[in-house]
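Asks: Count along the sequence shown starting at 1, add 184, and that's the number in the working numbering. Pasting a structure here, questions to come.
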Amino acid sequence: MKIISPGVLARKSPEGKSYKDSEKKRDINFDLKPEELIAYLDQYIIKQDKAKAILATKICTHFSRIKHVEASGETRDIMVGGIKSNILMAGPTGVGKTYMIRLIAKKLGVPFVKGDATKFTETGYVGGNVEDLVRDLVREADDDIELAQYGIVYIDEIDKIASAPNIIGADISRTGVQRALLKPMEDTDVELKVPHDPMSMLQELERYQRTGKKEKQVVNTANILFIVSGAFGGLPEIIKKRTAKQSIGFGSEIVTSDLSYNLLSRMRTEDLVAFGFESEFVGRLPVRAVFERLTEDDLFSILKNPNNPVILGKKLDFASYGISARFTDDTLRLIAKNAYTENTGARGLVNAIEELLLPFETRLPSENVRFFPITLDAV
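Shown next, in the form of structure tokens:
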């Protein structure tokens, strides 16, 4: 395994930016503290305080521990049998799961790739496999293998690969993918050259023509952080049944079905196994964060956030025609109300604002308009 030396992690350019020995500047921030990362996330993400704390703490600790071990000159042998802080995120759609991970990766300056679990099959079968994500990390790192070994792999819709009941024979798109993820999530070498990837074959040919040698290039996943997420639609019912069995009698707590967040926050390994995950797979996801469903007021707070990409993007749309657009609070309230009925969280904001402003975006560029006050009366 190739390890980035402590100097690569800690050395700074005169501007305060990290860089490799090749003098290629990097913005890798391995000195970030959990509270600093939480404060950064608070600028962009509404609510989800507990999830922010869990993710910020465990991700900062993950990279700080790597830096500490390498700076102290200790080898990875002392961590044999250690468990990596891979993370499972659960929560409804549109609550900021993907957005939060993208922000964290950007702040840390590490390469980041995202994939959907539904698009993978078990290694050895036709279709994409999870090792392709590790190879994608190298591309995101501009073919810097050492940097890629400190990246973040994010897999969405992980709940869709839970094993379905009454399946006879090999289930290569569900339990097969779970088994394929076991080694990369822990510690394994992934070879960059693969027969089904023309790009990797061309790169290997180019290297051979340049050096005259065949080099086996591998990426070690020991320090790559794996984060998975999903909505876990049927999981609250499984948790409800378990908690109901454990709390029978006069002192039992009545759990209503609409409190899915409270139920998900009580998830245990046995619940995830009952949902359809193999125990070995769940064991490689020791950190779990649950995201809350967004209310109408939360959607309004998102629109009021100065860093909100939805409003910034729409202002930019009008600005491209030389029109300065301003939203009133009443209009933002209406957008939040319409978006809430979509029941898709923050994703509904884009559809709501497009439906409301499409007529103006069609007509105003042809008018002699330089300022557009987006008031409740206007829309």
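Just so it is clear, CB atoms sit at the ideal spot from N, CA and C, and this is done for glycine as well.
Short of 6 Å in beta carbon distance, which residues of its chain neighbour Asp340, apart from the five on each side in sequence? Order them along the chain.
Replies: These residues qualify, in order along the chain: Asp300, Ser413.
Asks: Does Ser444 pass the burial test, meaning 16 or more other C-beta atoms within 10 Å, or should it be called exposed?
Replies: So Ser444 ends up on the buried side.
Asks: Taking only the alpha-carbon atoms, compute the straight-line gap between Glu539 and Glu480 and give it to the nearest angstrom.
Replies: For Glu539 and Glu480, the distance between alpha carbons rounds to 18 Å.
Asks: DSSP state of Ser206, grouped into three classes?
Replies: In this predicted model, Ser206 has a pLDDT of only 36, less than 50, meaning its place in the structure is not dependable; the value taken from the coordinates is given anyway. Note: Ser206 maps to coil in three-state DSSP.
Asks: What does the alpha-carbon distance come out to for the pair Ser436 and Glu421?
Replies: Note that Ser436 scores a pLDDT of 48, beneath 50, so its modelled location is shaky and nothing firm can be said.
Asks: Look at the alpha carbon of Lys242 and the alpha carbon of Ile507, and state the distance between them as a whole number of angstroms.
Replies: The alpha-carbon atoms of Lys242 and Ile507 are separated by roughly 44 Å.
Asks: Just the C-alpha distance for Leu239 and Glu551, rounded to the nearest angstrom, thanks.
Replies: If you take the alpha carbons of Leu239 and Glu551, they lie about 48 Å apart.
Asks: Along the chain, where does the alpha helix (DSSP H) that runs through Ile288 open and close?
Replies: Taken as a continuous stretch (DSSP letters only), the alpha helix (DSSP H) holding Ile288 covers 281-292.
Asks: Comparing alpha-carbon positions, which option in Val322, Phe484, Leu366 lies nearest Arg468?
Replies: Arg468 has its Cα closest to that of Leu366, out of Val322, Phe484, Leu366.
Asks: Let me know if Lys281 comes out buried or exposed under the rule of 16 or more other beta-carbons within 10 Å of its beta-carbon.
Replies: Classification of Lys281: buried, given that the 10 Å Cβ count is 16 or more.
Asks: Where does Pro470 fall in DSSP's three states?
Replies: Pro470 falls in the coil class under three-state DSSP.
Asks: For Ile288, which of Leu331, Glu254, Cys244 has the nearest alpha-carbon?
Replies: It is Cys244 whose Cα lies nearest to the Cα of Ile288.
Asks: Is Gln362 near Phe475, with beta carbons less than 8 Å apart?
Replies: No, the pair does not count as a contact, with Cβ atoms beyond the cut-off.
Asks: Identify whether Glu375 lies in helix, strand or coil by the three-state DSSP scheme.
Replies: Residue state, collapsed to three classes: strand.
Asks: If contacts are defined as beta-carbon pairs under 8 Å, then Val402 and Glu375 qualify, I think. What distance do you get, rounded to the angstrom?
Replies: Rounded, the Cβ-Cβ distance is 5 Å, consistent with contact.
Asks: So, with DSSP's three-state summary, where would you put Lys424?
Replies: Of the three classes helix, strand and coil, the one that applies to Lys424 here is helix, per DSSP.
Asks: By alpha-carbon positions, which one of Lys424, Met369, Thr359, Phe459 ends up nearest to Val318?
Replies: The option with the nearest alpha carbon to Val318 is Met369.
Asks: Give me the DSSP bridge partner(s) of Val412.
Replies: Its beta-bridge partners are Leu272, Ile339.
Asks: In the DSSP output, what is Gly299 paired with across the bridge?
Replies: Answer is Ile339.
Asks: With a cut-off of 8 Å on the beta carbons, I'd call Ile486 and Ile230 a contact; round off their distance for me.
Replies: Right, their Cβ atoms sit about 5 Å apart.
Asks: Can you tell me whether Asn270 is buried or exposed, with buried defined as 16 or more other CB within 10 angstroms of its CB?
Replies: Buried: at least 16 other Cβ atoms inside 10 Å.
Asks: So Glu462 and Thr372 are in contact, right, with Cβ under 8 Å, and what is the actual spacing, rounded?
Replies: That pair is no contact at about 17 Å.
Asks: Suppose the cutoff is 6 Å on Cβ atoms and the five residues either side in sequence are ignored; what does the same chain contact list for Phe416 look like?
Replies: Here the set comprises Ala274, Asp343.
Asks: Classify Phe556: buried if its beta carbon has 16 or more other beta carbons within 10 angstroms, exposed otherwise.
Replies: Buried, because 16 or more other Cβ atoms sit within 10 Å of the Cβ of Phe556.
Asks: For a test of the three-state rule: what should DSSP assign to Ile345, helix, strand or coil?
Replies: Reduced to three states, the DSSP call for Ile345 is helix.
Asks: With C-beta atoms as the reference, is Arg426 less than 8 Å away from Val279?
Replies: No, they are not a contact pair.
Asks: Would Ala562 be called buried (16 or more neighbouring beta carbons within 10 Å of its own) or exposed?
Replies: Classification for Ala562: exposed.
Asks: Are the Cβ atoms of Pro470 and Ile267 separated by less than 8 Å?
Replies: Yes, they are a contact pair.
Asks: Taking the alpha carbon of Asp226 as the reference point, which residue from Lys521, Thr528, Asn489 has its own alpha carbon closest?
Replies: The candidate whose alpha carbon is nearest that of Asp226 is Asn489.
Asks: Pull up the distance between the alpha-carbon of Asp233 and that of Val378, whole angstroms please.
Replies: Rounded to the nearest angstrom, the two C-alpha atoms are 42 Å apart.
Asks: Where does Asn527 land, buried or exposed, given buried means 16+ other C-beta within 10 angstroms?
Replies: Asn527 is exposed by the Cβ-count criterion.
Asks: Let me check one thing: in DSSP terms, what residues is Val402 bridge-paired to?
Replies: DSSP lists Glu375 as partners of Val402.
Asks: If you compare alpha carbons, which of Arg531, Thr559, Asp482, Asn535 is closest to Ala509?
Replies: Among Arg531, Thr559, Asp482, Asn535, the Cα nearest to that of Ala509 is on Thr559.
Asks: Rounded to the nearest angstrom, what separates Asp326 and Asn522 at their Cα positions?
Replies: Computed Cα separation, rounded: 42 Å.
Asks: Who does Arg510 pair with in a DSSP beta bridge?
Replies: DSSP lists Pro557 as partners of Arg510.
Asks: Buried or exposed: Ala346, going by 16 or more other Cβ atoms within 10 Å of its Cβ?
Replies: Classification of Ala346: buried, given that the 10 Å Cβ count is 16 or more.
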